[in-house]
Amino acid sequence: MLYGGIEAGGTKFICAVADDKFHVKEKISIPTTDPQTTFKKVFAFFDQYPIDAMGIGSFGPIGIQPDQENYGHILATPKAGWRGVDFLGQMKQRYQVPTAWTTDVNAAAFGEIKQGAAKGKHSCIYLTIGTGIGGGVVINDEVFQGISHPEMGHLYIKRHPEDTYSGTCPYHKDCLEGLAAGPSLEARTGIKGEELPLDHSIWDLQANYLAQALMTYTLILAPEVIVLGGGVMNQDHLLKKVQSQFTELMAGYMEVPKAEEYILRWGLPNESGLIGALLLAKKELEKNNNRNLS
Ligand code: ADP
Ligand code: ZN
3 MLYGGIEAGG TKFICAVADD KFHVKEKISI PTTDPQTTFK KVFAFFDQYP IDAMGIGSFG
63 PIGIQPDQEN YGHILATPKA GWRGVDFLGQ MKQRYQVPTA WTTDVNAAAF GEIKQGAAKG
123 KHSCIYLTIG TGIGGGVVIN DEVFQGISHP EMGHLYIKRH PEDTYSGTCP YHKDCLEGLA
183 AGPSLEARTG IKGEELPLDH SIWDLQANYL AQALMTYTLI LAPEVIVLGG GVMNQDHLLK
243 KVQSQFTELM AGYMEVPKAE EYILRWGLPN ESGLIGALLL AKKELEKNNN RNLS
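What follows is the structure in structure tokens.
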């Protein structure tokens, strides 16, 4: 069997083909330009292989209800030219194979639970802290989607009394993403996140905001583990700060594992989404085969 996987991001599409053992045969990175040019390159890559199933983890928001007209489409993205693009439809038309369709972060959560930091668990949350903040959820080994996919980056958190920063979210200004995604680090300090000194006071604020969000997710979903990824989590010291602030905020209210065992860094750095997409391709093929049998 050959599986195709796409982690479709706002800046690049990572495409790969893997065999049954999930050994990647070939992988490419395509810059996300206009849809037509981007898909031309995506097709040129996958056309080389007799793919049996495909998995797509896409930037959102996306339509995920099979009975809705916008199923498989990119919805209200600020990314020029991409709103309304029938991503899944185009892929299915070209390859006519079972195709899994979910968000990049849901795919990443699936990758992490099957092969990454959450391996062996049956539920997890994956949160990326990068240009934006987004989360994916796996429950009972299935990617979770309801009326839509989770949008875990846009919840409100309690602002620190001394924090006067207005926030970067174009929709809500000071939601979690607005206050704690990568760009907020630079907007507050004038220094890019990757260049900020380790002893800068902003890291405590950053950890506090993330810990508040993780507390909310925990209270609502109580997953077995939370996995953190994205550019900002390259800061080694930040994870410890988040873990200790989380413990403090929870205040012993709920029985949770030790924070060091509960809040983990991604096990598949920069690859969780792609590997998740490949794994979802296999799952989709199996689902399809079972449907045909019954
Ligand atoms: P994207 O979210 O676009 O996929 P990343 O996950 O790499 O990409 O996130 C990019 C954001 O993370 C930028 O705002 C960048 O400044 C920030 N970032 C990247 N590396 C670091 C780092 N080592 N420390 C702090 N912030 C970082
Ligand atoms: Zn927001």
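Residue 3 is where the sequence shown starts when you use my numbering, and the numbers rise one by one after that. Note that CB positions come from ideal geometry on N, CA and C, so glycine has one too.
- By the C-beta criterion, the region 85–101 is judged not to be in contact with the region 194–202, since fewer than 3 inter-stretch pairs fall below 8 Å.
- Using a 10 angstroms sphere on the CB of residue 225, the tally of other CB atoms reaches 16 or more, which defines it as buried.
- The Cβ atoms of residue 131 and residue 232 lie closer than 7 Å to each other.
- About 14 Å separates the beta carbons of residue 19 and residue 32, which is beyond the 8 Å limit, so they are not a contact pair.
- Across the structure, residue 165 and residue 125 are spaced so that their CA atoms are roughly 34 Å apart.
- Taking the Cα positions, residue 173 is about 15 Å away from residue 136.
- Across the set 154, 163, 217, 7, the C-alpha of 217 shows the shortest separation from the C-alpha of residue 259.
- Secondary structure at residue 150: coil, using DSSP grouped into helix, strand and coil.
- Sixteen is the threshold: since fewer than 16 other Cβ atoms of the shown chains lie within 10 Å of the Cβ of residue 3, the residue is exposed.
- DSSP places residue 56 in the uninterrupted beta strand (DSSP E) bounded by 55–60.
- Near ligand 1, meaning a beta-carbon closer than 7 Å to one of its heavy atoms, we find 11, 12, 13, 130, 132, 133, 134, 183, 184, 185, 187, 188, 194, 195, 196, 198, 232, 233, 234, 236, 237.
- Every alpha helix (DSSP H) of 4 residues or more that sits fully in the region 114–187 is shown, in chain order, as 178–182.
- Around residue 83, the same chain offers 36, 37 as residues with beta carbons nearer than 8 Å, after the five sequence neighbours per side are excluded.
- A distance criterion of 6 Å places the beta-carbon of residue 28 beyond contact range of ligand 2, judged by its closest non-hydrogen atom.
- An exposed status is given to residue 239, since fewer than 16 other beta-carbon atoms sit within 10 Å of its beta-carbon.
- Approximately 14 Å separates the beta-carbon atoms of residue 223 and residue 115; this is outside 8 Å, ruling out the contact.
- The three-state secondary structure of residue 193, taken from DSSP, is coil.
- Distance from the Cα of residue 25 is smallest, within the candidate group 272, 5, 69, for 5.
- For residue 173, the shortest separation between its Cβ and any heavy atom of ligand 2 lies below 6 Å.
- Per the coordinates, the alpha-carbon of residue 206 lies some 46 Å from the alpha-carbon of residue 288.
- Judged by DSSP secondary structure, residue 27 falls within the beta strand (DSSP E) whose first and last residues are 26–33.
- Residues of the same chain with a CB within less than 7 Å of the CB of residue 168, apart from the 5 flanking positions on each side, are 175, 176 in chain order.
- About 6 Å separates the CB atoms of residue 230 and residue 267; that is less than 8 Å, so the two are in contact.
- Short of 6 Å from the beta carbon of residue 219, and not among the five residues preceding or following it, lie these beta carbons of its own chain, in chain order: 127.
- At least one heavy atom of ligand 2 lies closer than 6 Å to the C-beta of residue 156.
- Judged by their CB atoms, residue 270 and residue 113 are nearer to each other than the 7 Å cut-off.
- Of all C-beta pairs linking the region 48–60 to the region 147–156, fewer than three are shorter than 8 Å, placing the two stretches out of contact.
- Apart from sequence neighbours up to five positions away, the residues of its chain that approach residue 92 with a beta-carbon distance below 8 Å are 41, ordered along the chain.
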